[in-house]
């Protein structure tokens with residue numbers, strides 16, 4: 037299936053189950069994100085930027101699983117699982133029968149106005165308290181995680 041056809045299929049509510057009436061497709065340089073009202077599906081684009089390689093199905097599945105593993109640590113209520121995208125007779129389905137042609141990270145959809153970028157764009161003055169809360173959560177998180185010399189070298193001035 038050509039990428040343009042794949043994208044058009046992603047816009048069809050029937051791909052996501054009988055309870056979905058409409059979908060919204062968002063794109064970043066590395067992903068498609070489909071909002072269905074209840075769930076969001078994040079699909080890695082088949083790209084290779086050297087530092088990031090999603091160029092084949094196995095790599096996209098691996099990085100979907102890694103995204104799930106890593107992001108569940110801070111947002112377990114959002115990240116549900118990794119689901120196959122299947123194709124049968126030209127029709128795509130999440131968790132369907134047919135050939136697996138890709139994978140998606142399945143998440144609980146949340147209001148787009150809760151995204152930090154949208155909060156900052158909407159308000160001229162943002163309550164500093166929100167940054168204090170986020171900082172506190174991240175400090176606790178990073179204190180609990182194991183580091184090593186290899187990990188620390190990525191934060192060095194030379195590396196950056």
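In my numbering, the protein residues as written are 37 to 196. C-beta atoms are modelled at their ideal positions from N, C-alpha and C, and glycine is treated no differently. Keep in mind it's a predicted model, so treat the numbers as computed, not measured.
For the pair of segments examined, the stretch 147-160 was found not to touch the stretch 129-136: the number of CB pairs separated by less than 8 Å stays below three. Per the coordinates, the alpha-carbon of residue 112 lies some 29 Å from the alpha-carbon of residue 85. Under DSSP, the beta-bridge partners assigned to residue 63 are 68. By the neighbour-count criterion, in which a residue is buried when 16 or more other Cβ atoms sit within 10 angstroms of its Cβ, residue 142 is buried. Listed in chain order, the non-local C-beta contacts of residue 99 below 7 Å within the same chain comprise 80, 90, local neighbours out to five positions each way being set aside. Residue 176 has its alpha-carbon roughly 30 Å from the corresponding atom of residue 96. Just measuring C-alpha positions, the residue of 74, 75, 93, 179 sitting nearest residue 83 is 93.
Non-local beta-carbon contacts of residue 196 in its own chain, meaning distances under 6 Å to residues more than five positions away in sequence, are absent. Of the residues assessed, residue 44 falls on the exposed side of the cut-off, its CB having fewer than 16 other CB atoms within 10 angstroms. Leaving aside the five residues that flank residue 108 on each side, the residues in its chain whose CB is nearer than 7 Å to its CB run, in chain order, 115. Under DSSP, residue 89 takes part in a beta bridge, and its partners are 84.
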